[in-house]
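To get the working numbering, take the position in the sequence shown, counting from 1, and add 44.
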Amino acid sequence: MFNALLVLFGCAAGALSSISFGFGAFLGALVGMIILCVVLELLLRVGYEFVMLNVMIARNTSDIRRKLFSDAPTSPAAPASPAPVAPAPAPTAPAAQAPVAPEPEPAAFESAPTTVLDRGDQAPADPAPVAPTEVVHKASFCPNCGAPVEPGDRFCGECGHKLD
Numbered sequence: 045m046f047n048a049l050l051v052l053f054g055c056a057a058g059a060l061s062s063i064s065f066g067f068g069a070f071l072g073a074l075v076g077m078i079i080l081c082v083v084l085e086l087l088l089r090v091g092y093e094f095v096m097l098n099v100m101i102a103r104n105t106s107d108i109r110r111k112l113f114s115d116a117p118t119s120p121a122a123p124a125s126p127a128p129v130a131p132a133p134a135p136t137a138p139a140a141q142a143p144v145a146p147e148p149e150p151a152a153f154e155s156a157p158t159t160v161l162d163r164g165d166q167a168p169a170d171p172a173p174v175a176p177t178e179v180v181h182k183a184s185f186c187p188n189c190g191a192p193v194e195p196g197d198r199f200c201g202e203c204g205h206k207l208d
């Protein structure tokens with residue numbers, strides 16, 4: 045507000061001082077000062093917006109660095125814009141837990157006899173060809189904001205949340 049008044053009064057002073065040169069000079073100075081006033085206001089506004097964007101970028105960058113190098117969990121920040129809702133995963137059957145085999149005692153390994161097989165006369169067997177399997181990439185979403193992320197991403201592109 046202060047800068048706007050300063051520019052306005054400066055332009056008015058310039059236009060009023062041109063009255064001594066005649067009415068035509070006054071009108072010319074008045075039009076020129078109006079144009080100059082508008083241009084200066086736009087330049088000031090763009091300058092302030094530029095400074096504010098730099099401050100916001102620096103703040104976001106420091107927040108991301110703090111999250112990257114901090115081991116302590118922090119509370120997630122609210123997303124800047126409403127994110128799309130992630131589709132609910134399809135229900136799956138509970139996985140059957142495999143029975144856990146008891147670990148053998150170390151004494152059993154020490155007392156077992158070992159047999160050395162001589163395979164010098166046999167030709168090495170060719171490994172069976174393995175059929176290539178297709179890797180199906182499922183769409184995944186950020187757990188913090190719900191934005192879609194690629195399979196190899198480590199951080200969300202929208203909110204910067206660290207992905208597992």
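C-beta atoms are modelled at their ideal positions from N, C-alpha and C, and glycine is treated no differently.
In or out: residue i buried (at least 16 other Cβ within 10 Å) or exposed?
| i | result |
| --- | --- |
| Ser62 | buried |
| Met77 | buried |
| Ala59 | buried |
| Val75 | exposed |
| Gly68 | exposed |
| Ala73 | buried |
| Val99 | exposed |
| Gly66 | exposed |
| Val83 | exposed |
| Val51 | buried |
In this structure, how does DSSP classify residue i when only helix, strand and coil are distinguished?
| i | result |
| --- | --- |
| Ser184 | strand |
| Gly66 | coil |
| Ala114 | Per the sequence shown, the amino acid found at residue 114 is Ser instead of Ala. If DSSP states are grouped into helix, strand and coil, Ser114 belongs with coil. |
Going by DSSP, name the residue or residues bridged to residue i.
| i | result |
| --- | --- |
| Lys206 | Phe199 |
| Val193 | Ser184 |
Since residue i and residue j should fall inside the 8 Å C-beta cutoff, what is the C-beta to C-beta distance between them, to a whole number of angstroms?
| i | j | result |
| --- | --- | --- |
| Leu80 | Asn47 | Contact doesn't hold; Cβ gap of about 14 Å is too wide. |
Is the beta carbon of residue i sitting closer than 8 Å to the one on residue j?
| i | j | result |
| --- | --- | --- |
| Cys203 | Val193 | no |
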